[in-house]
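A short worksheet on the structure shown next.
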Amino acid sequence: NAGVMQNPRHLVRRRGQEARLRCSPMKGHSHVYWYRQLPEEGLKFMVYLQKENIIDESGMPKERFSAEFPKEGPSILRIQQVVRGDSAAYFCASSESRGNTIYFGEGSWLTVV
Amino acid sequence: QQQVKQSPQSLIVQKGGISIINCAYENTAFDYFPWYQQFPGKGPALLIAIRPDVSEKKEGRFTISFNKSAKQFSLHIMDSQPGDSATYFCAASNAGGTSYGKLTFGQGTILTVHP
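Protein chains in written order, with the working numbering: chain A, 1 to 113; chain B, 1001 to 1115.
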């Protein structure tokens, strides 16, 4: 059973460009979470999604960031007009339901130059 | 109220020794307390977790101790091995309210186990 798959693993973007990070949850999992880890810090919750629904986006920056989890296909975290401060590791996690343990992917490392 | 404070920031232990990492929380709505292990360039992996209805949980060399009145919990790694060298994060969530997965993480502890 494959784990949570994230791609790309590493992404370099120039300031002002867009970054799209993809997450395929574990088989049978319909709940997805996105976390951000800044250098030398712990992970910070960003957003919690179910298929076609955003359940909790209380950790998302108000501008430039958006997330979706369509009926078909992976969950996407989109960052528009990236700035240097967006450089971080972005982790996706999935669970079978809201009452189950979550499992993290290997992360996507975004570098903004 | 949402913070989870973790200490120490870094820890050096000799092989065979006991590693102890502590966490404290404020939000009394938290009812799920996992510990994660993270190696460089990898995602966090769940080590062990506890609910507040028990004061201790042991899995192999890893033990969580939980003190509900003090709002503190700790991870003990017995017989520490060089392969345990990693960053350890405590976390907490209001599993009964929002979900298990909306976790508040501590700042992390870098553990180094010398051979």
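Just so you know, even glycine gets a beta-carbon here, dropped at the ideal spot from N, CA and C.
Short of 6 Å from the beta carbon of R78 of chain A, and not among the five residues preceding or following it, lie these beta carbons of its own chain, in chain order: R20 and S66. T1109 of chain B sits buried, since 16 or more C-beta atoms from the chains shown fall within 10 Å of its C-beta.
The segment 25-45 of chain A and the segment 96-104 of chain A touch, with no fewer than 3 CB-CB distances between them shorter than 8 Å. Between Q37 of chain A and R22 of chain A, the C-beta gap is not smaller than 9 Å, which leaves the two residues out of contact. With its beta carbon at least 9 Å from every one in chain A, K1057 of chain B lies outside the interface. For I54 of chain A, no CB of chain B lies under 9 Å from its own CB, so it is not counted at the interface with that chain. Secondary structure at R20 of chain A: strand, using DSSP grouped into helix, strand and coil. Listed along the chain, the chain B residues whose CB falls inside 9 Å of the CB of T111 of chain A amount to none; the nearest CB is some 14 Å away.
Of all C-beta pairs linking the segment 1022-1035 of chain B to the segment 1049-1062 of chain B, three or more are shorter than 8 Å, placing the two stretches in contact.
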